[in-house]
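Be aware that the sequence shown starts at 51, since it is given in this note's numbering, and climbs by one per residue.
Beta carbons are placed, not taken as given, at the ideal position from N, Cα and C, and that holds for glycine.
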Amino acid sequence: MSEKSRRLTHSGELKNGTHPLPDPPRMPHVSNDRTTKRKAALIGVLSAGVALGTAELVSAATGPNSSPVTAVGSSAIDLAPVWLKDFAISTFGNYDKPVLLGGILVALVVFAAVAGIVAVRRFAVGAVMIGLLGAVGALAALTRPSASPLDALPSLAAILAGAAALHLLLGGGSSADSPDGSPSRRKFLITGTGAAVYAALGASVGRILQQRAGDVAESRAAIKLPAPVSPAAARPNGHSFPIPGLTSFETPNRDFYRVDTALVIPEITAEEWTLRIHGMVDRPVELTFADLMAKPLIERDITLCCVSNEVGGPYASTARWLGFPLAQLLREAGVQAGANQLVGTDHAGMTIGTPLDVVLDGRESLLAIGMNGEPLLPTNGFPVRQLVPGLFGYTSATKWLVDLELTTFDKYDAYWTERQWDPIGTVLTASRIDVPKPFAQVPAGPVTVAGVAWAQHRGIGAVQFRVDGGEWQSTQLSTEVSPDTWRQWRASVQLDKGLHRFEVRAADGRGDWQPEERTRPFPRGATGWHSVAVTVT
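Written out as structure tokens, the structure is:
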């Protein structure tokens, strides 16, 4: 090469006399080194953490249901197919909601990690991925039953905060600090630690500010329940058997089963609570808690159960309830001809449809304010809930009740009816073996077998058990408290060593026996005989 060519080439001109294209803008570069990818993934996760921390802080002003995680979780519950809901309830029980939220957070972490890796090469694409998480949260919040435009603010704030954090953690747009194009180790340590602290504090403080547990606890503590004008009848001798392991007749308040769709327990004080009764009535009514307390209240023992209960499942409980007769309140409002459905709405917008003729047929349906001598717990519907003996909870037991509308089934589909569950929800006859426990080892000789049975509003007329598919044998029933409560049963049988199988069935007060055929809870409740296998040693 001549001296001239070398001079031209060194000055930036090609050998043929043309000039080279300008170098493209320098973009952060991801090497194939695993450490670099882990760092990029961590950047994405930290950015998502900042976004969520910001969203929780903003949710303190707009309400807990506007939190992106809560809103997405609630939408997931609404959209989940029946089989998945049944699986979650039967598998995780009362922990189904924490498991759901944990799954959402795991998915978010994985997606955010991928967004971080992408953002190191293409910041705009990574930022859009982080923003997509906020967009999903905003959409979920805006589609909740009681949503307002302000419910989108936490998710929108999350989008801005997440993009800003991603920009900062990637070096703030300045030239690269390290050979691979990522921020220097010292700078990343400082900004990353700051982002992690902000995310943790934002989420924690935001959640604390969202909660009104202190207000609700103070409101509940101030309530002195009035004496009922019609107390519950004294429970007769023999209503409960003293057998270790047998379900107690009355369920302690904190052990009362809970199955609902609320990821966040609605928190409303008694002082701010009101109930509106409207729709197909002659005289719309609005009640305060003080109005309800001043009415002549009655007290009744009632067993409630959930339609999601599998055969032998735990979702049934009994309490002594204090409240005002619902039928009397509706008659005071003036029920119009043609109304056949009572739609209850809770504080979060959840709806439950109840057949009106059942409420008005003479059974003692209640607007309950107390259970077992105390005001309702928040998990059980404080300050007021509805309950109708003989119906599953999904058509009768609206918790955190704030609205009652008289309408027709043709005009309105409540939450569960819209999802193809039976609109009536009559409780099916059920029986369960509590003693001995499944797979227990018991000594040879006389073995006690015991459990509970229920068929609310029809009562339990008989319970039978059998061993290893043999003849059905009668059991001793506890003394009936009311047709609206469950009954305990017990028996004793002589068993030899080996593996044995117990089965149980019950007949309601009309003499109709439980069917043997096993069915799943959807769409009107599970059927079949409960069985337990034990080893006699």
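Among the options, which residue has its Cα nearest to the Cα of residue i?
{"i": "V393", "options": "K461, L427, A271 and W522", "result": "K461"}
{"i": "G176", "options": "G295, A398, A213 and L410", "result": "A213"}
{"i": "V331", "options": "L210, V385, G181 and Y365", "result": "V385"}
{"i": "E321", "options": "R370, D265 and S205", "result": "D265"}
{"i": "R88", "options": "S116, G113 and V168", "result": "V168"}
{"i": "R482", "options": "D534, A505 and P496", "result": "A505"}
{"i": "G520", "options": "V554, P488 and D534", "result": "V554"}
{"i": "I127", "options": "A312, G242 and E360", "result": "A312"}
{"i": "R21", "options": "G575, L219 and L454", "result": "There is simply no residue 21 to check, as the chain begins at 51 and stops at 587 in what is shown."}
{"i": "L129", "options": "R469, A250, V95 and V361", "result": "R469"}
{"i": "F299", "options": "F572, R568 and V502", "result": "V502"}
{"i": "P571", "options": "A138, S97 and R84", "result": "A138"}
{"i": "G113", "options": "L259, A557 and V477", "result": "L259"}
{"i": "D305", "options": "R257, T368 and P334", "result": "T368"}
{"i": "T448", "options": "W563, A398, V164 and E382", "result": "A398"}
{"i": "G412", "options": "L376, V247, L427 and A387", "result": "L376"}
{"i": "T498", "options": "V485, R508 and A208", "result": "V485"}
{"i": "P201", "options": "L219, V108 and F142", "result": "Here residue 201 turns out to be Asp, not Pro, going by the sequence shown. Of the candidates L219, V108 and F142, the one whose C-alpha sits nearest the C-alpha of D201 is V108."}
{"i": "V357", "options": "R171, A480, M343 and L219", "result": "A480"}
{"i": "G431", "options": "V513, V314 and V160", "result": "V314"}
{"i": "R194", "options": "I474, A121 and M343", "result": "A121"}
{"i": "T401", "options": "T467, L379 and L441", "result": "T467"}
{"i": "A366", "options": "L342, L441, A464 and A188", "result": "L441"}
{"i": "A583", "options": "P565, R560, L545 and R568", "result": "L545"}
{"i": "P514", "options": "A191, D558 and I474", "result": "As written in the sequence, residue 514 is Gln, which differs from the Pro given in the question. Measuring from the Cα of Q514, the nearest candidate turns out to be D558."}
{"i": "L416", "options": "L372, T429, L102 and A383", "result": "L372"}
{"i": "G475", "options": "N359, S205 and D518", "result": "N359"}
{"i": "A125", "options": "A111, A556, K147 and A246", "result": "Before going further, note that residue 125 is Ser rather than Ala in the sequence given. Among A111, A556, K147 and A246, the Cα nearest to that of S125 is on K147."}
Look up residue i in the DSSP assignment and give the residues it is bridged to.
{"i": "R257", "result": "None; R257 has no bridge partner."}
{"i": "C355", "result": "A366"}
{"i": "D453", "result": "R326 and T395"}
{"i": "P496", "result": "Q544"}
{"i": "W371", "result": "R350 and M421"}
{"i": "T585", "result": "Q491 and L549"}
{"i": "R482", "result": "V502"}
{"i": "E336", "result": "R326"}
{"i": "S269", "result": "Answer is none; S269 lacks a bridge partner."}
{"i": "V108", "result": "Beta-bridge pairing links V108 to no other residue."}
{"i": "V331", "result": "V385"}
From residue i to residue j, what distance separates their C-alpha atoms?
{"i": "P439", "j": "G295", "result": "26 Å"}
{"i": "G511", "j": "T395", "result": "35 Å"}
{"i": "A418", "j": "V132", "result": "30 Å"}
{"i": "D407", "j": "T458", "result": "11 Å"}
{"i": "K237", "j": "H217", "result": "13 Å"}
{"i": "V309", "j": "F173", "result": "44 Å"}
{"i": "L437", "j": "W471", "result": "19 Å"}
{"i": "L549", "j": "L527", "result": "27 Å"}
{"i": "A163", "j": "L251", "result": "21 Å"}
{"i": "A105", "j": "G363", "result": "38 Å"}
{"i": "N287", "j": "W522", "result": "27 Å"}
{"i": "G575", "j": "G256", "result": "40 Å"}
{"i": "S532", "j": "E414", "result": "12 Å"}
{"i": "S81", "j": "G94", "result": "The predicted position of S81 is uncertain, since its pLDDT is 43 and thus under 50; a value taken from the coordinates is nonetheless stated next. Their Cα atoms are separated by approximately 17 Å."}
{"i": "S581", "j": "V149", "result": "29 Å"}
{"i": "L426", "j": "T241", "result": "47 Å"}
{"i": "P433", "j": "T301", "result": "19 Å"}
{"i": "V586", "j": "L182", "result": "59 Å"}
{"i": "A387", "j": "V409", "result": "15 Å"}
{"i": "T16", "j": "G443", "result": "Because the chain spans 51 through 587 in this model, residue 16 falls outside it and cannot be assessed."}
{"i": "W563", "j": "D534", "result": "18 Å"}
{"i": "G244", "j": "L210", "result": "17 Å"}
{"i": "V477", "j": "L354", "result": "9 Å"}
{"i": "R435", "j": "M343", "result": "14 Å"}
{"i": "L380", "j": "P199", "result": "34 Å"}
{"i": "P292", "j": "A490", "result": "20 Å"}
{"i": "G423", "j": "I273", "result": "11 Å"}
{"i": "H507", "j": "P573", "result": "21 Å"}
{"i": "R333", "j": "Q378", "result": "14 Å"}
{"i": "A253", "j": "V119", "result": "11 Å"}
{"i": "G403", "j": "G99", "result": "40 Å"}
{"i": "P405", "j": "G329", "result": "15 Å"}
{"i": "A541", "j": "T569", "result": "27 Å"}
Self-check item: Segment contact, 8 Å Cβ cut-off, at least three pairs: the segment 269 to 285 with the segment 344 to 353
Solution: With a cut-off of 8 Å on Cβ pairs, the segment 269 to 285 is in contact with the segment 344 to 353, counting three or more such pairs.
Practice problem: Please determine if the segment 492 to 508 and the segment 143 to 158 are in contact, where contact requires at least 3 C-beta pairs separated by less than 8 Å. | Solution: Counting Cβ pairs under 8 Å, fewer than three are found: no touch.
Exercise. Would you list, in sequence order, the uninterrupted alpha helix (DSSP H) runs of no fewer than 4 residues that lie entirely inside the segment 132 to 195?
Key: 132 to 142, 146 to 171 and 173 to 192
Exercise. Could you name each continuous alpha helix (DSSP H) segment of 4 residues or more that falls completely within the segment 375 to 452, going from the start of the chain to the end?
Key: 376 to 383 and 406 to 409
Quiz item: Which runs of the beta strand (DSSP E), 3 residues or longer, sit entirely within the segment 502 to 574?
Solution: 510 to 517, 537 to 545 and 548 to 558
Quiz item: If you scan the segment 277 to 309 from start to end, which runs of the beta strand (DSSP E) of 3 or more residues do you find wholly inside it?
Solution: none
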